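Visitor: This structure is in structure tokens; I'll ask about it shortly.
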Amino acid sequence: MKRISLSAVVVAAVMAALPMASQAAGGDDDVGSCGWGSKVWEGQVGLAPKVLAVTTNGTSGNQTFGITSGTSGCTQDGTVKSNWKLSSFIEDNKSKLARDMSRGSGETLEAVVQLIGVSEQDKAAFVQSARDNMARIFPSTEASTKDILAGLREVLASDDKLAGYVARI
Amino acid sequence: MIRTRCASTGCFFVWTVLCAVLALLHASARADDYAETLVAQAREQRIAQSREWLRLGHYRRTLFGGLRSEADDPDFFNSPTGRTDPQAELDATLRAFFSDRPETDKQQNPQCLFVARYRWLKSRLQFDPARLPEQPCPRFERWRSELDPQSVTLVFPAAYINSPASMYGHTLLRLDGRAQSDRTRILDYALNFAAFTGNDGGLSFAYKGLAGGYIGRFSLTPYYLKIAEYSDIESRDIWEYRLALTPDEVLRLLEHAWELGSTRFDYYFLDENCSYQLLWLLDVARPSLDLVEQYPAWVIPADTIRSVVAVPGLVDDIRFRPSRSTQLLHFGQTMAPADVATARALADSRLAPDDPAFAQRPAAERARVLDLAFETLDFERLSGERRGDASAARLRELMLARAKVDGPEPPQPPVPAVRPDQGHGSARLGLGGGTTDGNGFQELRFRGAYHDLIDPAAGYSRGAQIEFGNLVARRENGEGLPFLEKATIVDVTSISARTPLSRSPSWRLNFGFERSRGPDTTRPLLFQIAGGAGLAFDLAPRLRWYGLGELGAYWSAHLDQRASLGAGGRTGVLFDWNDRWRVHAVAHGLRYIDGPAPSRSGAALAIDYSLMRDWSLRIEADTRREFGTRWSTVGLFAHHFF
Chain B
1 MKRISLSAVV
11 VAAVMAALPM
21 ASQAAGGDDD
31 VGSCGWGSKV
41 WEGQVGLAPK
51 VLAVTTNGTS
61 GNQTFGITSG
71 TSGCTQDGTV
81 KSNWKLSSFI
91 EDNKSKLARD
101 MSRGSGETLE
111 AVVQLIGVSE
121 QDKAAFVQSA
131 RDNMARIFPS
141 TEASTKDILA
151 GLREVLASDD
161 KLAGYVARI
Chain G
170 MIRTRCASTG
180 CFFVWTVLCA
190 VLALLHASAR
200 ADDYAETLVA
210 QAREQRIAQS
220 REWLRLGHYR
230 RTLFGGLRSE
240 ADDPDFFNSP
250 TGRTDPQAEL
260 DATLRAFFSD
270 RPETDKQQNP
280 QCLFVARYRW
290 LKSRLQFDPA
300 RLPEQPCPRF
310 ERWRSELDPQ
320 SVTLVFPAAY
330 INSPASMYGH
340 TLLRLDGRAQ
350 SDRTRILDYA
360 LNFAAFTGND
370 GGLSFAYKGL
380 AGGYIGRFSL
390 TPYYLKIAEY
400 SDIESRDIWE
410 YRLALTPDEV
420 LRLLEHAWEL
430 GSTRFDYYFL
440 DENCSYQLLW
450 LLDVARPSLD
460 LVEQYPAWVI
470 PADTIRSVVA
480 VPGLVDDIRF
490 RPSRSTQLLH
500 FGQTMAPADV
510 ATARALADSR
520 LAPDDPAFAQ
530 RPAAERARVL
540 DLAFETLDFE
550 RLSGERRGDA
560 SAARLRELML
570 ARAKVDGPEP
580 PQPPVPAVRP
590 DQGHGSARLG
600 LGGGTTDGNG
610 FQELRFRGAY
620 HDLIDPAAGY
630 SRGAQIEFGN
640 LVARRENGEG
650 LPFLEKATIV
660 DVTSISARTP
670 LSRSPSWRLN
680 FGFERSRGPD
690 TTRPLLFQIA
700 GGAGLAFDLA
710 PRLRWYGLGE
720 LGAYWSAHLD
730 QRASLGAGGR
740 TGVLFDWNDR
750 WRVHAVAHGL
760 RYIDGPAPSR
770 SGAALAIDYS
780 LMRDWSLRIE
790 ADTRREFGTR
800 WSTVGLFAHH
810 FF
């Protein structure tokens, strides 16, 4: 998990150095610049956190959003901005998404279907297409959200029925 | 209007300015007038004393009969004395509504910042929009339509066996969006109150949590992140209690949540904790609930669930969301041992998915074994038991292999017959007697919270023990007055069985006061602390053995050796004969660096019989040898939970 954070920082630094591209509906998928997500897991492993968890349901504050906190990064008053929803969801559900996609069913997959806005009629085709092309959607061992989204776009683009959804990713 | 003849432009200019100023003064005077009218009206209707107003301000009676708000943030109040004076706060709030402060990303108009107060007061006092213009609140409206809840669900992450510390529980509210279906609840938002602990660790973490050293705030989190945190990492089963609130009540709850926004509350683990703060939201939504008043002292999350469930018709649906480890355990149990072994081999990279022998098997079987292998490996990665690229690479291989075979989804664990809110009450009172060291005794016990290893099991985790404030007073025959036999401050014990799929350690932490026996019939009082870790195994489905290595220390003013440090261990057996009978046998020893060896040792047997939900009988027998003295005790006790 620490490696994902590091790569996210690197990506963010590179992105900052490049001229800003215009944002499409799902556009700028560098979710690492949001600054949350994978941090949920930092410091949680091992015996000590379990013992100490008795006294307070504490949070380091990274993954919670103030209700009237205004606009920052990917959130607005505590809710995720619509163009960040898909990428922030994938960022925190990668292995579950991989698992559900490989089975062709599951809650995480359903959520992605809803976030992309796949219609009822197209759902079966979408699920099958994703399942048949897992290697492209998850191109490497530690695929980043950016990679996954790019892979998903590629796979959908090559399918006539589903090509229309590329713009939503 | 003053008529006058102006001979020059200058004169005309002065008169225009004067008229404009007079008009402005007149208008603001009219606004002031209306503000004062409203203030007077509010006093007439005694609004500052109303239940609704006191709830909105989080006021509670102090010991001296006054009122004081629990919000610890000056920004929550419009009046400098608002914290202790609901009337002043009401007056100041009404006047603040006349502000024309514009809304930006960083600030809000008071009508929007205190939207619940505004809307409630508006309906109570019938605000005249001509004299008190209504300000638009685009940020609140955007937030509300983004959340768009049709119902609110009280979520209770309970516990799984590896983590009894989490058995104490936590509660949060989920805002069930109209746009989500039952299959996409994970996209809802959760409203959560928690302490912001930063990077604290160690004893300061524990101390601050208890003493109010942390700040607590409400916040929103996507529900899937909460599931990741509780269910996946902390292995907690989650219970979801959907509340039957009306649309108006849901709206009021949202409005108040917005008001609470970033209000700071001092966090006290025992009484002003996560579960307690949620009760305020429910009380604002429906004042007749009066949940906050039921908790004058400490608040235990499971108790708040009990309070809510006890309100007729308030809970209209209850769902069980098993944790990742519950799912994994169940999954392993439904498969043949040979298949479990194959899954383990796949997870450990000792077997490849494209192995010829494996590839021969029917697709459905391969699918299940691959699923188990994936779940096992992913779970171990999440819990930190495995790190590194090798696991990630293997996960990918398993996933790719699974995509090529069709098979059913893994079986879902059954919903437990008894929910956490249906288990025994969290406080325990006990009465009993027996003989000790040849002398009869009577004993009174009180434990503030929560559950020991053999208290009635229903609704609690096996092998998990959490005790706070366990007090024992004993009177021996021939001694006039009862004395404090034991005062355990904290005891947390986790006896977690190792299986091929779950490799968590067992551990224990205990500290408090207890009385020992010394030479010459002295009864020295010691403060002692002990902690240890080890292993446990299930020898049979209901028979669990455990062994722990321990370190301990004591301080006592009554012993020649005032303090010492030692090491030792304990071993025991937990046996659940059936739903009512539970047995715990343990032998322990601790050898201190200064002093005769073994300095303290003993063996104990305890049998608990569950009469009904909140009553049980207990037989306890033990023999102890401490500081050169040896004695035995046998007793019979009745326990009542409430």
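In the order they appear, the protein sequences are chains B and G.
Residues 1 to 169 in the working numbering are what the first sequence lists, from first letter to last.
Residues 170 to 811 in the working numbering are what the second sequence lists, from first letter to last.
Here a beta-carbon is modelled for each residue, glycine too, at the ideal position from N, C-alpha and C.
Just so we're clear, the structure is a prediction, and the values are computed from it rather than from any experiment.
1) For a quick check, are the C-beta atoms of Gly617(G) and Gly638(G) less than 7 Å apart?
2) Tell me whether Phe548(G) sits in a helix, a strand or coil according to DSSP, three-state version.
3) Report, in whole angstroms, the separation of the C-beta atoms of Ala626(G) and Asp472(G), which I expect to be a contact under 8 Å.
4) Hey, is Thr145(B)'s beta-carbon within less than 7 Å of any beta-carbon in chain G?
5) Report back the beta-carbon spacing between Leu344(G) and Leu360(G) to the nearest angstrom; my notes put them in contact at under 8 Å.
6) I'd like the list of long-range same chain contacts for Asn278(G), defined as Cβ closer than 8 Å, with 5 residues on each side in sequence excluded.
7) Need the endpoints of the alpha helix (DSSP H) that Pro326(G) sits in, please.
8) Just to check my reading of the structure: Ala705(G) and Tyr715(G) have Cβ atoms closer than 8 Å, yes? What is that Cβ distance to the nearest angstrom?
9) Using alpha carbons as the reference points, say which of Val480(G), Phe811(G), Val509(G) and Leu341(G) lies closest to Ser457(G).
10) Is Trp750(G) helix, strand or coil when you go by DSSP?
11) Identify every residue that forms a DSSP beta bridge with Thr604(G).
12) Just to confirm the assignment, what range does the beta strand (DSSP E) spanning Thr792(G) have?
13) In the DSSP assignment, what residue or residues form a beta bridge with Phe387(G)?
14) Quick one, which of Gly385(G), Ala756(G), Ala656(G) and Arg614(G) has its alpha-carbon nearest Leu805(G)'s?
15) I need the straight-line Cα distance from Leu156(B) to Ala536(G), nearest angstrom please.
16) In chain order, what residues of the stretch 564-596 of chain G put their CB closer than 7 Å to some CB of chain B?
17) Label Ser518(G) either buried or exposed according to how many other C-beta atoms from any shown protein chain fall within 10 Å of its C-beta, with 16 as the threshold for buried.
18) Is the beta carbon of Leu341(G) closer than 7 Å to that of Arg286(G)?
19) Could you confirm whether any beta carbon from chain G is found closer than 7 Å to the beta carbon of Glu110(B)?
20) Since Met781(G) sits in a beta bridge, which residues does DSSP pair it with?
21) Do the stretch 203-218 of chain G and the stretch 288-297 of chain G make contact, defined as three or more Cβ pairs closer than 8 Å?
22) Beta-carbon within less than 7 Å of Arg433(G)'s beta-carbon, same chain only, minus the 5 sequence neighbours each way: which residues are those?
23) Starting from Lys655(G), trace the beta strand (DSSP E) both ways and give me its first and last residue.
24) I'd like to check one pair, Thr415(G) with Thr605(G): are the Cβ atoms closer than 7 Å?
25) Run down chain B in chain order and give the residues with a C-beta less than 7 Å from the C-beta of Glu315(G).
26) Between Glu398(G) and Val284(G), which are expected to be in contact by the criterion C-beta below 8 Å, what is the C-beta distance as a whole number of angstroms?
27) Distance cutoff 7 Å, beta carbons only. Does Arg352(G) sit that close to anything in chain B?
28) Compile a chain-ordered list of the residues in the stretch 642-673 of chain G whose CB is closer than 7 Å to at least one CB of chain B.
29) Under a Cβ-count criterion, where at least 16 other Cβ atoms within 10 Å of its own Cβ denotes burial, should Arg220(G) be classed as buried or exposed?
30) Measuring CB atoms only, is the stretch 82-97 of chain B touching the stretch 147-165 of chain B, in the sense that at least three cross pairs come out at less than 8 Å?
31) Within the continuous beta strand (DSSP E) that includes Trp714(G), where are the two ends?
32) List the endpoints of the continuous beta strand (DSSP E) containing Tyr228(G).
33) Measuring only between beta-carbons, confirm whether Arg170(B) sits less than 7 Å from chain G.
34) I need the straight-line Cα distance from Arg488(G) to Ala204(G), nearest angstrom please.
35) Using a C-beta to C-beta distance shorter than 9 Å, which residues of chain B count as neighbours of Trp312(G)?
36) Given this structure, state the Cα-to-Cα distance separating Ile111(G) from Ala773(G), to the nearest angstrom.
Guide: With the structure as the only source:
1) Locating residue 617(G) in the second sequence gives position 448, counting from the first residue. Locating residue 638(G) in the second sequence gives position 469, counting from the first residue. Their beta carbons are under 7 Å apart, which means Gly617(G) touches Gly638(G) by this criterion.
2) Sequence index remark: in the second sequence, residue 548(G) carries index 379 (1-based). In the structure shown, Phe548(G) sits in a helix (DSSP, three-state: H, G or I).
3) The count along the second sequence starts at 1 and reaches residue 626(G) at position 457. The count along the second sequence starts at 1 and reaches residue 472(G) at position 303. No, Ala626(G) and Asp472(G) are not in contact; Cβ-Cβ is about 19 Å, not under 8 Å.
4) Residue 145(B) sits at position 145 when you count from the first residue of the first sequence. For Thr145(B), the answer is no, since every Cβ of chain G falls outside 7 Å of its Cβ.
5) Residue 344(G) sits at position 175 when you count from the first residue of the second sequence. Residue 360(G) sits at position 191 when you count from the first residue of the second sequence. Rounded, the Cβ-Cβ distance is 6 Å, consistent with contact.
6) The residue you call residue 278(G) lines up with position 109 of the second sequence. The residues are Ser268, Asp269, Arg270, Pro271, Glu272, Gln304 and Cys306.
7) Residue numbering aside, residue 326(G) sits at position 157 when the second sequence is read from its first letter. Taken as a continuous stretch (DSSP letters only), Pro326(G) belongs to no alpha helix (DSSP H), being part of the beta strand (DSSP E) at Pro318 to Pro326.
8) Locating residue 705(G) in the second sequence gives position 536, where the first residue counts as 1. Locating residue 715(G) in the second sequence gives position 546, where the first residue counts as 1. Going by Cβ atoms, the distance from Ala705(G) to Tyr715(G) rounds to 4 Å, so yes, they are a contact pair.
9) Within the second sequence, the letter at position 288 stands for residue 457(G). Among Val480(G), Phe811(G), Val509(G) and Leu341(G), the Cα nearest to that of Ser457(G) belongs to Val480(G).
10) Start at 1 with the first residue of the second sequence, and residue 750(G) comes out as number 581. In the structure shown, Trp750(G) sits in a strand (DSSP, three-state: E or B).
11) If you number the second sequence from 1, residue 604(G) lands on position 435. Thr604(G) pairs with Gly609(G) and Val803(G).
12) Numbered from 1 along the second sequence, position 623 holds the residue referred to as residue 792(G). Per DSSP, Thr792(G) belongs to the beta strand (DSSP E) from Trp784 to Glu795.
13) For the purposes of this step, residue 387(G) is identified with residue 218 of the second sequence, where counting begins at 1. Phe362(G).
14) To locate residue 805(G), count along the second sequence from 1; it is residue 636. For Leu805(G), the nearest C-alpha among the options comes from Arg614(G).
15) Counting from 1 along the first sequence, the entry for residue 156(B) is found at position 156. Counting from 1 along the second sequence, the entry for residue 536(G) is found at position 367. Roughly 26 Å separates the two Cα atoms.
16) Leu564, Arg565, Met568, Leu569, Arg571, Ala572 and Glu578
17) Counted from its first residue, the second sequence places residue 518(G) at position 349. With fewer than 16 Cβ atoms within 10 Å of its Cβ, Ser518(G) is classed as exposed.
18) Residue numbering aside, residue 286(G) sits at position 117 when the second sequence is read from its first letter. Residue numbering aside, residue 341(G) sits at position 172 when the second sequence is read from its first letter. No, the Cβ-Cβ distance between Arg286(G) and Leu341(G) is not below 7 Å.
19) Locating residue 110(B) in the first sequence gives position 110, counting from the first residue. Output row for Glu110(B): interface = yes.
20) Taking the second sequence and counting its residues from 1, the one referred to as residue 781(G) is at position 612. According to DSSP, which records beta bridges pairwise, Met781(G) is partnered with Trp784(G).
21) yes
22) Here residue 433(G) is taken as the residue at index 264 of the second sequence, counted from 1. The residues are Asp241, Asp242, Ile384 and Arg386.
23) For this step, residue 655(G) is matched to residue 486 along the second sequence. Looking at the DSSP string, the run of the beta strand (DSSP E) that includes Lys655(G) is Phe652 to Ser663.
24) Here residue 605(G) refers to the residue found at position 436 when the second sequence is read from its first residue. Here residue 415(G) refers to the residue found at position 246 when the second sequence is read from its first residue. Going by C-beta atoms, Thr605(G) is not nearer than 7 Å to Thr415(G).
25) Taking the first residue of the second sequence as position 1, residue 315(G) is located at position 146. Those are Thr79, listed as they occur along chain B.
26) As a first step, residue 398(G) must be located in the second sequence, where it is residue number 229. As a first step, residue 284(G) must be located in the second sequence, where it is residue number 115. At roughly 30 Å, the Cβ-Cβ gap does not stay under 8 Å, so Glu398(G) and Val284(G) are not in contact.
27) Position 183 of the second sequence holds residue 352(G). Interface residue, yes.
28) Val661
29) Taking the second sequence and counting its residues from 1, the one referred to as residue 220(G) is at position 51. Exposed, by the Cβ-count rule.
30) yes
31) Position 545 of the second sequence, counted from the first residue, corresponds to residue 714(G). It spans Leu712 to Trp724 - the beta strand (DSSP E) in which Trp714(G) sits, taken as one unbroken run.
32) The residue you call residue 228(G) lines up with position 59 of the second sequence. It spans Tyr228 to Arg230 - the beta strand (DSSP E) in which Tyr228(G) sits, taken as one unbroken run.
33) Beyond the ends of chain B as shown, which are 1 and 169, falls residue 170(B); an answer cannot be given.
34) Within the second sequence, residue 488(G) is the residue found at index 319, counting from 1. Within the second sequence, residue 204(G) is the residue found at index 35, counting from 1. Computed Cα separation, rounded: 49 Å.
35) Residue mapping note: residue 312(G) aligns to position 143 of the second sequence, counting from 1. Those within 9 Å of Trp312(G) in chain B are Ile67, Thr68, Gln76, Asp77, Gly78 and Thr79.
36) Because chain G spans 170 through 811 in this model, residue 111(G) falls outside it and cannot be assessed.
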